[in-house]
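K.L.:
In full-length UniProt numbering, the protein residues as written are 1 to 225.
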């Protein structure tokens, strides 16, 4: 606090900005840790339930148990489109329970799954870019504060006419605190960003695999010519 109080106005503003970046970054880190861990855990449980149950209607009735899983969202969207097509196929061809491939039924389901995947990726990646922004800009903002502080320190030397360590050291120390705070804000943000990007890529791969399996099941079970 003594160093902060002794800095100039510009350096103070720099420190306030860096502290803001750091606080928001840590809030995002805790939020995303909770969100992504829940998404991973519930996705694993949903997949286990999906392969054990196999009946779409029974799975649909239990989706509330997996509200944080992106795979449950994909299933819900795909199954909703499937039911619509099944009803439509039965009305047009007197064949209830059949999806017409010549009317693009499977393609409609695939598009519904892609839309759901895009929506879930957007939800998972929300706020993560702020961590990347903090990691890339905070050190330079801190460096700006340091340069400004050193300039003022040398200006003070010129005004006093003394270059002794006792005169120079306090000004330099006050200036360097901006770089230190910048690094404190940036390092956790970069580490968290890389961690979350890896976890999100794993979830995206799981969503792609699930979409493929869902479409395969629909083609084997419901598709007609």
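Beta carbons are placed, not taken as given, at the ideal position from N, Cα and C, and that holds for glycine.
Go ahead and pull the three-state DSSP assignment for residue 62.
P.N.:
Note: residue 62 maps to coil in three-state DSSP.
K.L.:
Leaving out five residues before and five after residue 114 in sequence, what residues of the same chain have Cβ atoms less than 8 Å from its Cβ?
P.N.:
Correct list, in chain order: 211.
K.L.:
Excluding sequence positions up to five away, which residues of its chain have a Cβ less than 7 Å from the Cβ of residue 38?
P.N.:
These residues qualify, in order along the chain: 68.
K.L.:
Does any C-beta atom of chain C lie closer than 9 Å to the C-beta of residue 130?
P.N.:
No chain C is part of this structure, which consists of one protein chain only.
K.L.:
Given a threshold of 16 other Cβ atoms within 10 Å of its Cβ, counted over all protein chains shown, does residue 96 qualify as buried or as exposed?
P.N.:
Residue placement at residue 96 is flagged as unreliable, the pLDDT there being 43, under the threshold of 50; the coordinate-derived value follows with that caveat. By the neighbour-count rule (16 or more Cβ atoms within 10 Å), residue 96 is not buried but exposed.
K.L.:
Going along the chain, which residues of its own chain have a beta-carbon closer than 6 Å to the beta-carbon of residue 192, five neighbours each way excluded?
P.N.:
Cβ within range, chain order: 29, 131.
K.L.:
Taking residue 73 as the reference, which of 52, 120, 13 has the closest Cα?
P.N.:
Among 52, 120, 13, the Cα nearest to that of residue 73 is on 120.
K.L.:
How is the alpha helix (DSSP H) around residue 67 delimited, first residue to last?
P.N.:
It is not in any alpha helix (DSSP H) - residue 67 carries neither H nor E in the DSSP assignment.
K.L.:
Residue 54 by DSSP, collapsed to three states: which one?
P.N.:
Residue state, collapsed to three classes: coil.
K.L.:
Please classify residue 193: does DSSP put it in a helix, a strand, or coil?
P.N.:
Correct three-state label for residue 193: helix.
K.L.:
Check whether the stretch 145-157 touches the stretch 173-188, taking contact to mean three or more Cβ pairs, one atom from each stretch, closer than 8 Å.
P.N.:
Because the criterion of three Cβ pairs below 8 Å is met, the stretch 145-157 and the stretch 173-188 touch.
K.L.:
Which term fits residue 105, buried or exposed, when burial requires 16 or more other beta carbons within 10 angstroms of its beta carbon?
P.N.:
Counting Cβ neighbours within 10 Å, residue 105 comes out buried, since at least 16 surround it.
K.L.:
Below 8 Å on the Cβ atoms is my contact criterion, and I expect residue 189 with residue 18 to pass it. Report the Cβ-Cβ distance as a whole number of Å.
P.N.:
Residue 189 to residue 18, Cβ: 11 Å. No contact.
K.L.:
With distances taken from CA atoms, which of 140, 217, 215 is nearest residue 15?
P.N.:
Residue 140 is the option with its Cα nearest to residue 15.
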